[in-house]
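Asker: Heads up: the protein sequence lines correspond to chains R and P, in order. Going by full-length UniProt numbering, the first residue of the first sequence is number 1, and it counts up by one from there. Going by full-length UniProt numbering, the first residue of the second sequence is number 1, and it counts up by one from there. Think of the CB as a built atom: it goes at the ideal place given N, C-alpha and C, for glycine as much as any other residue.
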Amino acid sequence: MIHNQDMIPQQPAPRSTIGPLAWMRANLFSGPINSVFTLLGLYVLYILLVPTIQWAFINADWIGTSRDDCSGEGACWVFVNARFTQFIYGLYPQEELWRGNIVFAGFAILIAWLAIPRLPYKRWVAIFALTAFPVIAYVLLHGGYFDLPRVPTHRWGGLMLTLILAVVGMVGALPIGIVLALGRRSNMPIVKSFCVVFIEFWRGVPLITVLFMASVMLPLFLPSELSVDRLIRALIGITLFQSAYMAEVIRGGLQAIPKGQEEAAAALGMTYWKRTALIVMPQALKMMIPGIVNTFISLFKDTTLVMIIGLFDLLGIVQAALSDSRWLGFSLEGYVFAAFMFWIFCFSMSRYSQYLERKLHTGHKR
Amino acid sequence: MRNKLMVGMAALMAGPLLAQAATLDDVLENDSLRCGVNAAQPGFSALSDEDTYLGLDTDVCRAVAAAVLGDAEKVQFVPLDSVERFTALQSGEVEMLSRTTTWTSSRDTSMGVNFTGVSYYDGQAFMVAGDLGVQSAQELDGAAVCTQAGTTSELNLADYFRVNDMSYDPVIFDAPEQSIIGFEEGRCDVLSSDASQLYAQRMQLSDPESAVVLPEIISKEPLGPAVRQGDDQWFNIVKWSLFAMINAEEYGISSTNVDEMLDSEDPNIARILGQSDNYGEAMGLEADWAYQIIKQVGNYAEMFDRNVGQDSDFAISRGLNALWTDGGILYAPPIR
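1) Would you give the residue range spanned by the alpha helix (DSSP H) that P:C146 belongs to?
2) Mind the definition here: the stretch 111 to 129 of chain R touches the stretch 150 to 168 of chain R only if three or more C-beta pairs lie below 8 Å; say whether that holds.
3) Where are the beta strand (DSSP E) runs, 3 residues long or more, that stay fully inside the stretch 193 to 263 of chain P, in chain order?
4) Is the beta carbon of R:L141 closer than 8 Å to that of R:G100?
5) Compare the C-beta of R:H142 against all C-beta atoms of chain P and say whether one is closer than 8 Å.
6) Between R:G19, R:S193, R:A108, R:L360, which has its C-alpha nearest residue 404 of chain R's C-alpha?
7) Within the continuous alpha helix (DSSP H) that includes residue 372 of chain R, where are the two ends?
8) CB-CB under 6 Å to R:A321, same chain, minus the five flanking residues each way: which ones, in chain order?
9) Considering R:R233, what are the terminal residues of the alpha helix (DSSP H) in which it resides?
10) Going by beta carbon distance, what residues of the same chain come within less than 6 Å of P:S219, once the five residues before and after it are set aside?
11) For a contact meaning CB atoms closer than 7 Å, what does P:Q204 contact in chain R?
12) In this structure, what does DSSP give as the bridge partners for P:N38?
13) Can you check whether the C-beta of P:F314 is within less than 8 Å of a C-beta belonging to chain R?
14) Within this structure, are the beta carbons of P:N278 and P:A287 separated by less than 8 Å?
15) Using DSSP with H/G/I as helix, E/B as strand and the rest coil, what is residue 392 of chain P?
16) Within the 8 Å Cβ cut-off, does P:N3 reach chain R?
17) Let me know the secondary structure DSSP gives P:M6 once reduced to three states.
18) Check whether the Cβ atoms of P:V27 and P:V78 lie closer than 8 Å to each other.
19) Along the stretch 81 to 100 of chain P, what residues have a CB closer than 7 Å to any CB found in chain R?
20) What are the boundary residues of the alpha helix (DSSP H) that includes R:S71?
21) Do you know how far the Cα of R:Y46 is from the Cα of R:V36?
22) I need the DSSP call for R:I63, collapsed to helix, strand or coil.
23) Residues of chain P with a CB under 8 Å from the CB of R:H233: which are they?
24) Starting from P:S45 and walking both ways along the beta strand (DSSP E), at which residues does that stretch end?
25) Quick one, which of R:S348, R:I308, R:G334 has its alpha-carbon nearest R:L211's?
26) At which residues does the beta strand (DSSP E) containing P:Q124 begin and terminate?
27) Return the residue from the list R:D229, R:G183, R:E333, R:E262 that minimises the CA-CA distance to R:V197.
28) Check whether the Cβ of R:F320 lies closer than 8 Å to any Cβ atom in chain P.
29) Return helix, strand or coil for P:V190, following the three-state DSSP convention.
30) Looking only at its own chain, which residues have a Cβ that is under 8 Å from the Cβ of P:E281, when we skip the five neighbours before and after it?
31) Measuring alpha carbon to alpha carbon, tell me which residue in P:G36, P:A129, P:V118, P:Y291 is nearest P:D207.
32) In chain order, what residues of the stretch 43 to 67 of chain R put their CB closer than 8 Å to some CB of chain P?
33) Could you have a look at R:I18 and say whether DSSP puts it in helix, strand or coil?
34) Whole angstroms are fine: how far does the CA of R:L49 sit from the CA of R:N34?
35) What's the gap between the Cα of P:D49 and the Cα of R:G204?
36) Would you report the Cα separation of R:F312 and P:L47, rounded to the nearest angstrom?
Quick look at the structure:
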């Protein structure tokens, strides 16, 4: 019997099982059918990507001021460049843009503060973001106070307007939605039926109808001296509409909490509000994150509908710019830009929600 | 909700009757004219780089602001959807509408609005690829025609081909940007729309010279400003603001020579410029109302050339929109 007295020294794994080559063999070329599909996929990518990159980057024109600076071989980003301020701020007066910038910066800082886990005083920042910041933002953007010239809302537009609509809609809809969801589960008949009717009414009509009612019919109900700003009407419409959807998302989350949780809390002598705020909601809300973010993302994209009531959100202002006779024929560039901006915001929201889910993952996930 | 809707409908019908009488006072009080325009119609009303709206329709608004407020820039342009436009006018959200709106009997009589005149005589026309060699719309038998869904163009097209006993193959698109791409890609031989729009669409081709607009006009589309019913003074102001521009062209008064014309011997010119008589007073305006329009906005020819005519990218010929003295049908009653 032959014994090997020593341990066989550790060997590197065979070349054929590690590294990119092995990965490719295992995942891309594991059999004849997979190999064919891989090659086919690569070919499709090639015929799609190469012209796109050529159009968008290599042959594109980046600098200039008018359409004469466009060679016409690729994308003409000069158009987006020349109109950039308009796309971001709408018709906000040039010399007042700093006000918009401060609000943008404040918004970005607050969001970052709340999103980065290491930073302290989360609670106070959140309270500031929900109470003082909207007031400051309104005073800055609208003006009319502290010697700031007034900028009427019909001059607001672009990405700024999209964000205002989306953020106000989201922040307003969440609390109303929670109240409606609790109301719908309540045992009190009047509260319950009010919530059911409210939710079913607003869910039953398309957003475009709500906006249309707000902009076309509402002025006919109101006396002509009492004119409510278009933007305010749109904001109220969007918030109410969105809160109905939010209520149903939240109700779904509430239903997933076993009844025992609430009964146990009641057995400990907790009141209804304590049970809801300390036991039920914290568990329910974290389960609802995908649903809530889903609703937010769809709201963010739905804000483009305000176009039909004459408000120029990001997409609206891009479309309006396309009809300028000095810039006719650059619709592709305009739409690609708008799509890219929307994608940035929606994708970040989606990534943040996934991060939140992981962070709050406490065993409820299967 | 049912009740609310009924109230809404009642308000909609009563709207024109309840319309407050003193639009002029509102405009003077706000020191700004709210004018409903199209959000995106090249040449007529389009958002420019300088954050303002430019075009023929918007210049009509500017003319009214110049006459009433003495400043053509005191206009707040309110972009309106085609469905929303009449309600916005009735509910008082705008004081006037200048939004490529075709003057038809039903709109004039049942929508609670009054059209004050015609600022542009438009009509439906055809555009074909130049290498097709077609000279006249009568040769279009069997052609594939691109047009937009839900427009009067679609209906006019059907009428025209039926009357002329020809067949065609409709290719329907949702928006002008799409139909021009369809045309360029060869999905249809012919593109049909209002002539003014065809010229704008032609500009979007990679080679605009490759397409020609045929001479036939197959429908009447008189576009003009409109005001709410029930305020005759305001109706007069908007009506005569446009007439003043047309009269100015007829008598050769333009924004460049208007100051010299103040000393003109011609009694017609003296009357227009308010030198010999005050025709503004009866409308509640200053005596120099027409002077302000011409000085700040120009006469009709200047407005036309700048926005859609020879000085613009569209280079639309005057055609029907020439003065009656030049073979067109533009004719304004005299100011006297």
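Answerer: Looking at the coordinates:
1) The residue labelled residue 146 of chain P in the question sits at position 146 within the second sequence. Where P:C146 is concerned, there is no enclosing alpha helix (DSSP H), although the beta strand (DSSP E) it sits in stretches over 143 to 148.
2) No contact exists between the stretch 111 to 129 of chain R and the stretch 150 to 168 of chain R.
3) Restricted to the stretch 193 to 263 of chain P, the beta strand (DSSP E) segments that are unbroken, complete and at least 3 residues in length are 211 to 213, 221 to 223, 226 to 228, listed in chain order.
4) Start at 1 with the first residue of the first sequence, and residue 100 of chain R comes out as number 100. Start at 1 with the first residue of the first sequence, and residue 141 of chain R comes out as number 141. Taking 8 Å as the Cβ cut-off, R:G100 and R:L141 qualify as a contacting pair.
5) By one-based count along the first sequence, residue 142 of chain R stands at place 142. Answer no: the Cβ-Cβ gap between R:H142 and chain P never drops below 8 Å.
6) Because chain R spans 1 through 366 in this model, residue 404 of chain R falls outside it and cannot be assessed.
7) Nothing can be reported for residue 372 of chain R: it is not among the residues displayed for chain R, which extend from 1 to 366.
8) Taking the first residue of the first sequence as 1, we reach residue 321 of chain R at position 321. So the qualifying residues of the chain are R83.
9) For the purposes of this step, residue 233 of chain R is taken as the residue at position 233 of the first sequence. Looking at the DSSP string, the run of the alpha helix (DSSP H) that includes R:R233 is 230 to 255.
10) Sequence index remark: in the second sequence, residue 219 of chain P carries index 219 (1-based). The residues are G123, Q124, N156.
11) As a first step, residue 204 of chain P is located in the second sequence; it is residue number 204 there, counting from the start. By Cβ distance, chain R contributes L328, G329.
12) Position 38 of the second sequence, counting from 1, holds the residue named residue 38 of chain P. Note: P:N38 sits in a beta bridge opposite P:L80.
13) The residue labelled residue 314 of chain P in the question sits at position 314 within the second sequence. It does; some Cβ of chain R falls within 8 Å.
14) Position 278 of the second sequence, counted from the start, is the residue given in the question as residue 278 of chain P. Position 287 of the second sequence, counted from the start, is the residue given in the question as residue 287 of chain P. Yes, Cβ-Cβ distance for P:N278 and P:A287 is below 8 Å.
15) Only positions 1 to 336 of chain P appear in the structure, and residue 392 of chain P is not among them; the question remains open.
16) Here residue 3 of chain P refers to the residue found at position 3 of the second sequence. Annotation note: pLDDT 44 at P:N3 (below 50); position unreliable, no value reported.
17) Locating residue 6 of chain P in the second sequence gives position 6, counting from the first residue. Low confidence applies to P:M6: its pLDDT is 43, below 50, so where it sits in the model is not reliable, and the reading given next is rough at best. In the structure shown, P:M6 sits in a helix (DSSP, three-state: H, G or I).
18) Numbered from 1 along the second sequence, position 27 holds the residue referred to as residue 27 of chain P. Numbered from 1 along the second sequence, position 78 holds the residue referred to as residue 78 of chain P. Annotated as distal: P:V27 and P:V78, with beta-carbon spacing of 8 Å or more.
19) For the stretch 81 to 100 of chain P, which is checked against every Cβ of chain R, the residues closer than 7 Å are D81, E84, T87, S91, G92, E93.
20) Within the first sequence, residue 71 of chain R is the residue found at index 71, counting from 1. Segment: none, R:S71 is in no alpha helix (DSSP H) and carries neither H nor E.
21) Within the first sequence, numbered from 1, the residue matching residue 36 of chain R stands at position 36. Within the first sequence, numbered from 1, the residue matching residue 46 of chain R stands at position 46. Each residue's CA atom was taken as its position, placing R:V36 and R:Y46 some 15 Å apart.
22) As a first step, residue 63 of chain R must be located in the first sequence, where it is residue number 63. Coil.
23) Translated into positions along the first sequence, residue 233 of chain R becomes position 233. The sequence given here places Arg at residue 233 of chain R; His does not occur at that position. Near R:R233 there are no residues of chain P at all, since even the closest Cβ is about 11 Å away, more than 8 Å.
24) As a position in the second sequence, residue 45 of chain P is number 45, starting the count at 1. Start and end: 45 to 47.
25) As a first step, residue 211 of chain R is located in the first sequence; it is residue number 211 there, counting from the start. When each option's Cα is compared against that of R:L211, the closest is R:I308.
26) Start at 1 with the first residue of the second sequence, and residue 124 of chain P comes out as number 124. 124 to 129 is the extent of the beta strand (DSSP E) around P:Q124.
27) As a working mapping, residue 197 of chain R is identified with position 197 in the first sequence. Each of R:D229, R:G183, R:E333, R:E262 was checked against the Cα of R:V197, and the nearest Cα belongs to R:G183.
28) Indexing the first sequence from 1 puts residue 320 of chain R at position 320. Looking at the sequence shown, residue 320 of chain R is not Phe but Ala. Yes - at least one Cβ of chain P is within 8 Å of the one on R:A320.
29) Position 190 of the second sequence, counting from 1, holds the residue named residue 190 of chain P. In this structure, P:V190 counts as strand in the three-state DSSP scheme.
30) As a first step, residue 281 of chain P is located in the second sequence; it is residue number 281 there, counting from the start. Apart from sequence neighbours up to five positions away, the residues of its chain that approach P:E281 with a beta-carbon distance below 8 Å are A287, ordered along the chain.
31) Position 207 of the second sequence, counting from 1, holds the residue named residue 207 of chain P. Nearest option by C-alpha distance: P:A129.
32) Taken residue by residue, none of the stretch 43 to 67 of chain R has a beta-carbon sitting less than 8 Å from a beta-carbon on chain P.
33) Taking the first residue of the first sequence as 1, we reach residue 18 of chain R at position 18. R:I18: coil per DSSP, three-state reduction.
34) Locating residue 34 of chain R in the first sequence gives position 34, where the first residue counts as 1. Locating residue 49 of chain R in the first sequence gives position 49, where the first residue counts as 1. Annotation: R:N34 to R:L49 spans about 22 Å, alpha carbon to alpha carbon.
35) Sequence index remark: in the second sequence, residue 49 of chain P carries index 49 (1-based). Sequence index remark: in the first sequence, residue 204 of chain R carries index 204 (1-based). About 41 Å.
36) Here residue 312 of chain R corresponds to residue number 312 of the first sequence, with the count starting at 1. Here residue 47 of chain P corresponds to residue number 47 of the second sequence, with the count starting at 1. When the Cα atoms are used, R:F312 and P:L47 turn out to be separated by approximately 11 Å.
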